[in-house]
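Colleague: If you use full-length UniProt numbering, the sequence shown corresponds to residues 1 to 156, in order.
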Amino acid sequence: MLSAEDSADRNVEIWKIKKLIKSLELARGNGTSMISLIIPPRDQINRVAKMLADEYGTASNIKSRVNRLSVLGAITSVQGRLKLYPKVPPNGLVIYCGTIVTDEGKEKKVNIDFEPFKPINTSLYLCDNKFHTEALQALLADDNRFGFIVMDGERP
1 MLSAEDSADR NVEIWKIKKL IKSLELARGN GTSMISLIIP PRDQINRVAK
51 MLADEYGTAS NIKSRVNRLS VLGAITSVQG RLKLYPKVPP NGLVIYCGTI
101 VTDEGKEKKV NIDFEPFKPI NTSLYLCDNK FHTEALQALL ADDNRFGFIV
151 MDGERP
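Here's what the structure looks like:
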């Protein structure tokens with residue numbers, strides 16, 4: 001059972017994630033330079049770093065110069081963030097990185113990394129023109145289960 005303080009902390013975390021999801025869902029970019037990366041708790045940083053290095057090689061072949069540079073920049077930023085973690089945190093790791101277009105039409109670099117408030121058992125790597133938040137929304141699903149027991153005092 002959670003204490004009142006733990007419950008309040010958890011509610012604050014849930015509120016922060018909901019707010020983050022809203023801002024991430026509204027963000028849009030040009031091309032496929034927006035990276036959504038989710039690493040589950042028991043995964044290895046080295047495996048993800050190698051996968052990103054392979055992706056960097058693949059992204060070098062993108063024909064559009066602007067998109068290629070955006071994707072390569074985003075992959076480099078994610079690699080830099082990964083280096084800050086000696087191992088995957090106990091609840092996993094979520095990274096969103098990319099160049100978004102603001103309401104004024106200007107480009108802005110976004111780089112968000114955090115450990116979720118409860119374990120996230122999803123592995124995800126996507127480059128797109130938007131951030132993928134479906135796995136974060138699944139975290140917010142209420143996992144409290146309850147039921148009803150109906151008893152009747154009459155004998156048959």
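Just so you know, even glycine gets a beta-carbon here, dropped at the ideal spot from N, CA and C.
Out of L24, L72, G98, point me to the one whose CA is closest to G57's CA.
Modeller: Nearest option by C-alpha distance: L72.
Colleague: Can you list the alpha helix (DSSP H) stretches of 4 or more residues lying completely in the segment 101 to 142, in chain order?
Modeller: 134 to 139
Colleague: Tell me, please, which residues DSSP counts as bridged to L37.
Modeller: L37 is bridged to I95, Y125.
Colleague: Identify which residue in L139, H132, R47, P119 has its Cα closest to the Cα of C97.
Modeller: H132
Colleague: To the nearest angstrom, how far is it from the Cα of K83 to the Cα of I95?
Modeller: 12 Å
Colleague: Rounded to the nearest angstrom, how far is the Cβ of F117 from that of R10, given a contact under 8 Å?
Modeller: 6 Å
Colleague: Find out if the Cβ-Cβ distance for the pair S70, G31 is shorter than 7 Å.
Modeller: yes
Colleague: Using three-state DSSP, classify S77 as helix, strand or coil.
Modeller: helix
Colleague: Taking the CB atoms as reference points, tell me whether E55 and N91 lie closer together than 7 Å.
Modeller: no
Colleague: Nearest to I112 by CA position, among D6, S3, L24, K63, is which residue?
Modeller: L24
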